[in-house]
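Chains A and B, in that order, give the protein sequences.
Last residue of the first sequence: number 70 in my numbering, and the count goes up by one each step with no gaps.
Last residue of the second sequence: number 1155 in my numbering, and the count goes up by one each step with no gaps.
Glycine included, every Cβ here is placed at the ideal spot set by N, Cα and C.
One structure is given below, encoded as structure tokens.
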Amino acid sequence: MPAEAQLGNRLKAVRTAAGLTQAQLADLAGVSRKTINTVENRVFIPSTVLALRLSAALGTSVEALFFLEA
Amino acid sequence: MANSLTTSAAERAERYSRKRTRILWAEFALFVIWQGGFVFLLKPQAAPLRGVDLAEQSAWLLWAVVLLALIGTGGAFFQSAEVRGLMNDEVSTANRHEGQRWGFWAAMATVVAFYVAAWIAPVSLTLAIHAVLTLGIGAALWRFAWLERRADRAG
């Protein structure tokens, strides 16, 4: 894996496709809206636990939400 | 999909989180200005301390301890566990830990600076303690507040 690889995500696209607001997804995942906001905007890299909670809340897999960028 | 949190708890956490960020900025400014005033207006103190000096120094020490508790725990002491958990979730905890890291290095840098200064001239212990607390707590508060504001505004 190249050292400069970064974590990309499709959280906003999947969330909006599910018809959810940031606040609604935050409620479902049991986190604050700020957390959803920072993950979507790549300000914050979520832990494995949070990634799993987000994917469970959206009914999808972690790999569908997060990916490595070269 | 079932809503896992009460809306009121989420709304309260959002509101108090923003309020906490404003408090962090205010405390940072007040603490640094107050302590800066002490450092620059430092006067020789008679031992034992007069009652008024003892009260003043006890007050700032208590203030510093409260701020350290805020930096150490994230605050929100009087909120429910649910609200406190949301206010101190993964992002805020990471931001607070980054603030603690900045505070640690600021305090260590101040200690090193005073150690070197003591080779050249005598250094007041009281002055050194005030400077370490001011810069350590100030750096931690500033970084925590800045990261929280950025998290609120991201996007």
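(message) One question on the structure: do residue 1136/B and residue 1106/B come within less than 7 Å of each other, judged by their Cβ atoms?
(response) For this step, residue 1136/B is matched to residue 136 along the second sequence. For this step, residue 1106/B is matched to residue 106 along the second sequence. Between residue 1136/B and residue 1106/B, the C-beta spacing is below 7 Å.
(message) Run through chain A and tell me which residues come within less than 8 Å of residue 1017/B, C-beta to C-beta.
(response) Taking the second sequence and counting its residues from 1, the one referred to as residue 1017/B is at position 17. Ordered by position in chain A, the residues that pass the 8 Å Cβ test against residue 1017/B are 32, 34.
(request) Please list the segments of the beta strand (DSSP E) lying wholly inside the segment 15–57 of chain A, counting only runs of 3 or more residues, in order along the chain. (result) Those beta strand (DSSP E) runs which fall completely within the segment 15–57 of chain A and span 3+ residues do not exist here.
(request) Verify the CB distance criterion: does residue 38/A have a CB-CB separation below 7 Å to chain B? (result) Residue numbering aside, residue 38/A sits at position 38 when the first sequence is read from its first letter. Yes, because at least one Cβ of chain B sits closer than 7 Å to the Cβ of residue 38/A.
(request) Enumerate in chain order the residues of its own chain whose CB-to-CB distance from residue 1133/B is below 6 Å, with the five nearest sequence positions on each side excluded. (result) As a first step, residue 1133/B is located in the second sequence; it is residue number 133 there, counting from the start. Listed in chain order, the non-local C-beta contacts of residue 1133/B below 6 Å within the same chain comprise 1064, local neighbours out to five positions each way being set aside.
(message) Taking 7 Å as the threshold (beta carbon to beta carbon), is residue 58/A in contact with chain B?
(response) Taking the first sequence and counting its residues from 1, the one referred to as residue 58/A is at position 58. Not closer than 7 Å to any Cβ of chain B, the Cβ of residue 58/A fails to qualify, so no.
(request) For the beta strand (DSSP E) containing residue 67/A, list its first residue and its last residue. (result) For the purposes of this step, residue 67/A is identified with residue 67 of the first sequence, where counting begins at 1. Looking at the DSSP string, the run of the beta strand (DSSP E) that includes residue 67/A is 66–69.
(message) Assess contact between the segment 1085–1093 of chain B and the segment 18–35 of chain A, defined as three or more Cβ pairs (one per stretch) separated by less than 8 Å. Is contact present?
(response) The segment 1085–1093 of chain B vs the segment 18–35 of chain A: in contact.
(request) Pull up the distance between the alpha-carbon of residue 59/A and that of residue 1114/B, whole angstroms please. (result) By one-based count along the first sequence, residue 59/A stands at place 59. By one-based count along the second sequence, residue 1114/B stands at place 114. Straight through space, the alpha carbons of residue 1114/B and residue 59/A are spaced by roughly 57 Å.
(request) Determine which residues share a DSSP beta bridge with residue 6/A and list them. (result) Numbered from 1 along the first sequence, position 6 holds the residue referred to as residue 6/A. Beta-bridge partners of residue 6/A (DSSP): 69/A.
(request) Verify whether the separation of the beta carbon atoms of residue 1087/B and residue 1017/B is less than 7 Å. (result) Here residue 1087/B corresponds to residue number 87 of the second sequence, with the count starting at 1. Here residue 1017/B corresponds to residue number 17 of the second sequence, with the count starting at 1. Less than 7 Å separates the beta-carbon of residue 1087/B from that of residue 1017/B.
(request) Please name the residues in the segment 1093–1109 of chain B whose beta-carbon is closer than 8 Å to at least one beta-carbon of chain A, in chain order. (result) Those residues of the segment 1093–1109 of chain B that come within reach of chain A (Cβ to Cβ, closer than 8 Å) are 1094.
(request) Given a cut-off of 7 Å, decide if residue 1085/B and residue 1144/B are closer than it, judged by their beta-carbon atoms. (result) Walking along the second sequence from the start, residue 1144/B turns up at place 144. Walking along the second sequence from the start, residue 1085/B turns up at place 85. Cβ atoms of residue 1144/B and residue 1085/B: not closer than 7 Å.
(request) Could you check what DSSP says for residue 1001/B in three-state terms: helix, strand or coil? (result) Within the second sequence, residue 1001/B is the residue found at index 1, counting from 1. The predicted model places residue 1001/B with a pLDDT of 44, which falls under 50 and marks its position as unreliable, so this point remains unresolved.
(request) Within its chain, find whatever has a CB closer than 6 Å to the CB of residue 29/A; leave out the 5 residues flanking it on each side and keep chain order. (result) Taking the first residue of the first sequence as 1, we reach residue 29/A at position 29. Same-chain partners within the cutoff: 53, 54, 57.
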